[in-house]
Amino acid sequence: MSNLRTEQPVFETDRITDGFDIFFWVFNDASSFVATHWHTAIEIMYIIDGEVDVMMNQQTVILKPGDVFLIDSRLPHSTKSVHGNHAVLIQLPYEFSKKYIPDVDSFIFGFDCHTDNAILRTKIDSLIDVIQKMRIVYEIQPKGALLRFNSLLFEMLYLLYHSFSREVESSQFKKDVKNFVRLEPVLEYTKKHYNTPITLSEISQIACFQEEYFCHYFKKIWE
Numbered sequence: 677m678s679n680l681r682t683e684q685p686v687f688e689t690d691r692i693t694d695g696f697d698i699f700f701w702v703f704n705d706a707s708s709f710v711a712t713h714w715h716t717a718i719e720i721m722y723i724i725d726g727e728v729d730v731m732m733n734q735q736t737v738i739l740k741p742g743d744v745f746l747i748d749s750r751l752p753h754s755t756k757s758v759h760g761n762h763a764v765l766i767q768l769p770y771e772f773s774k775k776y777i778p779d780v781d782s783f784i785f786g787f788d789c790h791t792d793n794a795i796l797r798t799k800i801d802s803l804i805d806v807i808q809k810m811r812i813v814y815e816i817q818p819k820g821a822l823l824r825f826n827s828l829l830f831e832m833l834y835l836l837y838h839s840f841s842r843e844v845e846s847s848q849f850k851k852d853v854k855n856f857v858r859l860e861p862v863l864e865y866t867k868k869h870y871n872t873p874i875t876l877s878e879i880s881q882i883a884c885f886q887e888e889y890f891c892h893y894f895k896k897i898w899e
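If you use our numbering, the sequence shown corresponds to residues 677 to 899, in order.
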């Protein structure tokens, strides 16, 4: 029987760092390859040292020291770092974003990290400045660290909403929301059984689809 996990991008549950409302991780990676996956969290990666290749939307973006990259919610992507890297990884869980940006589903978030546009470059530099300050607070843990970290977090959220988002056309928005709602039972089931293989027959029943139609429907979403 076919196994869904080997045929489509893997769904990754949104993560949260203990004591925080988001996932925040400063790491050193000797070498790695992360296969194609997706999650409902908005992801931001800032490269301190080394190099990372991000594969998304049938394109490869090479990130080097000083680069920051944003991956929107539900976008399948993979990463590769042959010689290792030192980076900051931030994930804003969907529920967190939705709480403070109620219409978050009607926006697309992203930017060209290698842009030559002076105005956009200034906005990106502002985002980098916030990330660097968050890293300092996270690592040094000064008095009132959580207060300061959260103030920077909301500054970041404001920047994403104000400077790096654009509204989706109403027809596309309705289609995307409809797809997400139909897949919610699948996502919840995957969360509960993330450490066990899930067959196509099993997941099709959860989605209330016939196997053949579910395969067709699932593939169409990622086209």
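Glycine is no exception: its CB is placed at the ideal position from the N, C-alpha and C atoms.
Only a predicted model underlies this, so the values are computations on that prediction, with no experimental measurement involved.
Item	Value
Between PHE785, PHE787, PRO769, GLU831, which has its C-alpha nearest PHE696's C-alpha?	PRO769
Find out if the Cβ-Cβ distance for the pair GLY760, GLY726 is shorter than 8 Å.	yes
With burial defined as no fewer than 16 other Cβ atoms inside 10 Å of the residue's Cβ, what is the status of PHE749: buried or exposed?	Sequence inspection shows Ser at residue 749; the Phe mentioned does not correspond to that position. Buried is the call here.
Quick one: does the C-beta of HIS790 sit closer than 7 Å to a heavy atom of the ligand ZN?	In terms of ligand content, the structure shown is empty, and the ligand ZN therefore cannot be addressed.
In terms of residue numbering, what span does the beta strand (DSSP E) encompassing ASP725 cover?	718 to 726
Going by alpha carbons, who is nearest to ASN733 out of ILE747, PHE840, ASP743, PRO741?	ILE747
Tell me where the alpha helix (DSSP H) around LYS774 begins and ends.	770 to 776
Among residues of its own chain, excluding the 5 on either side of PRO741, which ones have a beta-carbon nearer than 6 Å to its beta-carbon?	ILE723, ASP725
With DSSP run on the structure shown, which of helix, strand or coil describes ARG681?	With a pLDDT of only 42 at ARG681, under 50, the local geometry of the prediction cannot be trusted, and the value read off the model is given with reservation. It is helical.
Is ARG797 helix, strand or coil when you go by DSSP?	helix
Grab me the residues of PHE772's own chain with a C-beta within less than 8 Å of its C-beta, minus the 5 sequence neighbours each way, in chain order.	ASP697, ILE698
Taking all protein chains shown into account, do 16 or more other C-beta atoms lie within 10 angstroms of the C-beta of THR838, making it buried, or fewer, making it exposed?	For the sequence presented, residue 838 should be read as His rather than Thr. So HIS838 counts as exposed.
Does ARG691 come out as helix, strand or coil in the three-state DSSP assignment?	coil
Take ALA706 and list the residues in its own chain whose beta-carbon comes closer than 7 Å to its own, dropping the five residues that flank it on each side.	GLY760
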